[in-house]
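*Asks:* Using the working numbering, the first residue of the first sequence is number 381, and each one after it goes up by one. Yeah, the Cβ is synthetic: ideal placement off N, Cα and C, and Gly gets one too.
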Amino acid sequence: MSTTFQNIRGTFDILPDAYTDDGGTRIASSAEWRHVEATVRDVLCRYNFEEIRTPALEPTELVARGVGESTDIVQKEMFAFERSGTQYVLRPEITAPVVRSFLQHHLDQRGGVQKLFYLGPCFRAEKPQKGRYRQFHQFGIEIMGADKPRADAETIAVLMAVCDALGLTDLKLRLNTLGTPERRAEYVEALQDYLAPHADELSETSQRRLERNPLRILDTKVEHEQEILRDAPKLMDFVGEESLAHYDEVKEHLDGLRIEYEEDPQLVRGLDYYTETTFELESPGLGAQSALAGGGRYDRLAEVLGSDEPFPAVGFAAGMERLFLALDAADVDRPGTPTPDVFIAALGEEAERWVFRTTQSLRDAGLHVAHDLMGRSLKAQMKEANRQNAPYAMIIGSNELEAEAATVKEMESGEQQEVDFDELAEYLARRVDGTEAG
RNA sequence: GUGGGUGUAGCUCAGUUGGUUAGAGCGCCAGGUUGUGGUCCUGGAGGUCGCGGGUUCAAAUCCCGCCACUCACCCCA
């Protein structure tokens, strides 16, 4: 259409106003993003989590090891490149980076359990579609150093609390346990043995997974594969007693908090690092991308990343874009762009200079002030004040300069009055406070 | 990687069996008001009709190719 540049495919601009992209998806305004981010931070802080910020760029090896060589993410979705002999990757998720940072900075030495949260962009080179982008935004938590089932339950509880604070209801929580890696390995072997005779009945991808990542076959949506799986060995039968006890206690805590969930033995998360408890939060009716968040326990990740000692850990990651989809579907009210308290219109060069200085001092006094920078007509400036939804407009011309009193107009009623220059800040502050009470 | 859909103004879209100068609404700018917004009236700016080729006296419209965007499968947040 035009010859100017366009944003990279699979990314999107967040503008002052919400808009609809070419696929009909509503892209929320920057004010809505700020509101959601603020709500997320607020709830997480109330649950006593502390923020951690790590770079978008990480060593490729960290992601390969942390997320797992067999995963789709590492196999085909990394934005990775080499520069001067160093292998870089734009992080596809933030758990491995957080654990890296935790180990690098010996955060365990701060004492006790570390409850961390993050919020930021991630990158995956997938084919974009509704609710799925190449640059997307995740927030999440990691509880480092706690192996008690209460940590699992708190992870889920804080996730639900964030959704609740945002106004999301009708969510579905699915829960499962994967047991220990050792027992899981036994199970994988049994599953392979069971499936091997059926290999030629399986789809191409499932055949490939049979070798590399057999657990993922459990997710299949192919009907005859599901039939084959019906008589397959069950993961639950391989999960050890300790794991089952842990799982039971997690459920007990959730019951105690009145958090509803649905057990789903088929729930196998796509990332290699999960052990024991796993869960996924869904917003039904969102279509293809209904998963808002996923998480679970990953007690072995620290060691996979080179730690000499184990750090039991549990956390979740949630997708901001998915959250917005759910908010749209639920028609939840969100704030609009902040509007100026007052628009100051100037008539003539002398007034412009006075307005420019006064704007500054009113802003110093804490007011949100707008003014004209184009030298436009009074009519145009009033129109601008109206467009910006300023509750008050102030008019400064030669009359006002001479009288040393401003004409202040209340936009809604259209009423005007004169206010002495030295009382302006106080007058406006008082009026604005009154209107903002609601 | 595999399928489907869509490309006309800033936005939403119309454009007849191909027909000469490509339109509407909204938005934007200006005037009606030599110092006053929202409503109303008038005017204006803004388009390589995604790109390239072909058919034709004539293409936004028909044909071919390409590109972009998008939805879905897979998988994930």
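Do the CB positions of T655 and Y678 come within less than 8 Å of each other?
*Replies:* Numbered from its first residue, the first sequence carries residue 655 at position 275. Numbered from its first residue, the first sequence carries residue 678 at position 298. Taking 8 Å as the Cβ cut-off, T655 and Y678 qualify as a contacting pair.
*Asks:* Tell me Y513's beta-bridge partners as DSSP assigns them.
*Replies:* Translated into positions along the first sequence, residue 513 becomes position 133. DSSP lists no partner for Y513.
*Asks:* How many Å lie between D688 and M524 at the Cα?
*Replies:* Here the question's residue 688 lines up with position 308 in the first sequence. Here the question's residue 524 lines up with position 144 in the first sequence. If I take the Cα positions, the gap works out to 15 Å.
*Asks:* If we ignore side chains and look at the alpha-carbon of each, how far apart do M381 and M754 end up?
*Replies:* What you label residue 381 is simply residue 1 of the first sequence in a count that begins at 1. What you label residue 754 is simply residue 374 of the first sequence in a count that begins at 1. For M381, the predicted model reports a pLDDT of 41, less than 50, meaning its position is unreliable and no value from the coordinates is stated.
*Asks:* For R389, which of P396, D397, Y399 and G403 has the nearest alpha-carbon?
*Replies:* Against the first sequence, residue 389 aligns to sequence position 9. The shortest Cα separation from R389 among P396, D397, Y399 and G403 belongs to G403.
*Asks:* Let me know the beta strand (DSSP E) ranges lying completely inside the segment 653-710, each 3 residues or longer, listed in chain order.
*Replies:* As far as the segment 653-710 is concerned, its whole beta strand (DSSP E) runs of at least 3 residues are 655-662, 671-677 and 693-699.
*Asks:* Between which two residues does the beta strand (DSSP E) holding F736 run?
*Replies:* Along the first sequence, read from residue 1 onward, the residue named residue 736 stands at position 356. Careful: F736 lies outside any beta strand (DSSP E), inside the alpha helix (DSSP H) at E729 to D744.
*Asks:* Starting from G500, trace the beta strand (DSSP E) both ways and give me its first and last residue.
*Replies:* Start at 1 with the first residue of the first sequence, and residue 500 comes out as number 120. G500 -> beta strand (DSSP E) spans Q494 to F503.
*Asks:* Buried or exposed: where does L395 fall if 16 or more other Cβ atoms within 10 Å of its Cβ makes it buried?
*Replies:* Position 15 of the first sequence holds residue 395. By the 10 Å Cβ count, L395 comes out exposed.
*Asks:* To the nearest angstrom, how far is the alpha carbon of L634 from that of E662?
*Replies:* Counting from 1 along the first sequence, the entry for residue 634 is found at position 254. Counting from 1 along the first sequence, the entry for residue 662 is found at position 282. The straight-line gap from Cα to Cα measures roughly 17 Å.
*Asks:* Report the rounded CA-to-CA distance for G699 versus G500, giving the unit in angstroms.
*Replies:* Along the first sequence, one-based indexing puts residue 699 at 319. Along the first sequence, one-based indexing puts residue 500 at 120. Looking at the two C-alpha atoms, the distance is approximately 10 Å.
*Asks:* Sort out for me which residues DSSP pairs R463 with in a bridge.
*Replies:* Within the first sequence, the letter at position 83 stands for residue 463. R463 is bridged to T466.
*Asks:* Could you please give me the residues that DSSP links to L555 through a beta bridge?
*Replies:* The residue given as residue 555 occupies position 175 in the first sequence. The partner list for L555 (beta bridge, DSSP) reads E643 and F659.
*Asks:* Straight-line CA distance for F429 to I474?
*Replies:* Stepping through the first sequence from its first residue, residue 429 is reached at position 49. Stepping through the first sequence from its first residue, residue 474 is reached at position 94. Going by the C-alpha atoms only, they are around 16 Å apart.
*Asks:* Would you kindly report the start and end of the unbroken beta strand (DSSP E) that includes M774?
*Replies:* On the first sequence, position 394 is the one that residue 774 refers to. Run containing M774: Y772 to I776, per the beta strand (DSSP E) assignment.
*Asks:* Taking only three categories from DSSP, how would you classify E569?
*Replies:* As a working mapping, residue 569 is identified with position 189 in the first sequence. Helix.
*Asks:* Would you mind listing the beta strand (DSSP E) stretches within the segment 406-491 that are 3+ residues and don't spill past its ends, in chain order?
*Replies:* Listed in chain order, they are 437-439, 459-463 and 466-470.
*Asks:* When you compare the CB positions of T391 and R471, do they come within less than 8 Å of one another, or not?
*Replies:* Locating residue 391 in the first sequence gives position 11, where the first residue counts as 1. Locating residue 471 in the first sequence gives position 91, where the first residue counts as 1. No, they are not a contact pair.
*Asks:* Can the beta-carbon of V420 be found closer than 8 Å to that of F519?
*Replies:* As a working mapping, residue 420 is identified with position 40 in the first sequence. As a working mapping, residue 519 is identified with position 139 in the first sequence. For V420 and F519, yes; Cβs fall inside 8 Å.
*Asks:* Go ahead and label L808 buried or exposed: buried means 16 or more other beta carbons lie within 10 angstroms of its beta carbon, across all protein chains shown.
*Replies:* Position 428 of the first sequence, counted from the start, is the residue given in the question as residue 808. It counts as buried.
*Asks:* Can you tell me which residues form a DSSP beta bridge with F519?
*Replies:* The sequence position of residue 519 within the first sequence is 139, counting from 1. DSSP output for F519 lists L499 and A698 as bridge partner(s).
*Asks:* Under the rule that 16 or more other beta-carbon atoms within 10 Å means buried, what is T434, buried or exposed?
*Replies:* Counting from one through the first sequence, the residue named residue 434 turns up at place 54. The residue in question, T434, is buried, as its Cβ has 16 or more Cβ neighbours within 10 Å.
*Asks:* Helix, strand or coil: which one does DSSP assign to Q587?
*Replies:* Position 207 of the first sequence, counted from the start, is the residue given in the question as residue 587. Helix at Q587.
*Asks:* From T739 to R649, what does the alpha carbon distance come to, in whole angstroms?
*Replies:* The residue labelled residue 739 in the question sits at position 359 within the first sequence. The residue labelled residue 649 in the question sits at position 269 within the first sequence. The straight-line gap from Cα to Cα measures roughly 55 Å.
*Asks:* Kindly indicate which residue of L558, E566, A710 and A436 has the alpha-carbon position closest to the one of G547.
*Replies:* The residue labelled residue 547 in the question sits at position 167 within the first sequence. Ranking the options by Cα distance to G547, first place goes to A710.
*Asks:* If distances are taken between C-alpha atoms only, which option among A745, S623, L590 and V722 comes closest to A773?
*Replies:* As a working mapping, residue 773 is identified with position 393 in the first sequence. Selected option, being the one with the closest Cα: V722.
*Asks:* If you count every other CB in all the chains shown that lies within 10 Å of the CB of R610, and 16 or more means buried, which is it?
*Replies:* Counting from 1 along the first sequence, the entry for residue 610 is found at position 230. With fewer than 16 Cβ atoms within 10 Å of its Cβ, R610 is classed as exposed.
*Asks:* Can you give me the Cβ contacts of G620 inside the same chain, cut-off strictly under 7 Å, excluding the 5 residues immediately before and after it?
*Replies:* Mapped onto the first sequence, residue 620 falls at position 240. Excluding sequence neighbours, G620 sits near G559, T560 and R563.
*Asks:* According to DSSP, is F385 helix, strand or coil?
*Replies:* The residue labelled residue 385 in the question sits at position 5 within the first sequence. Coil.
*Asks:* Return the chain-ordered list of same chain residues with a C-beta closer than 8 Å to the C-beta of L590, the five sequence neighbours on each side being excluded.
*Replies:* Indexing the first sequence from 1 puts residue 590 at position 210. Cβ within range, chain order: Q572, L575, A576, A579, L582 and I597.
*Asks:* Assuming D652 and V447 are in contact, meaning their beta carbons sit under 8 Å apart, how far apart are those beta carbons, in whole angstroms?
*Replies:* Your numbering for residue 652 matches position 272 in the first sequence. Your numbering for residue 447 matches position 67 in the first sequence. Right, their Cβ atoms sit about 7 Å apart.
*Asks:* What are the boundary residues of the beta strand (DSSP E) that includes D544?
*Replies:* Translated into positions along the first sequence, residue 544 becomes position 164. D544 -> not in any beta strand (DSSP E); alpha helix (DSSP H) instead, spanning P529 to L546.
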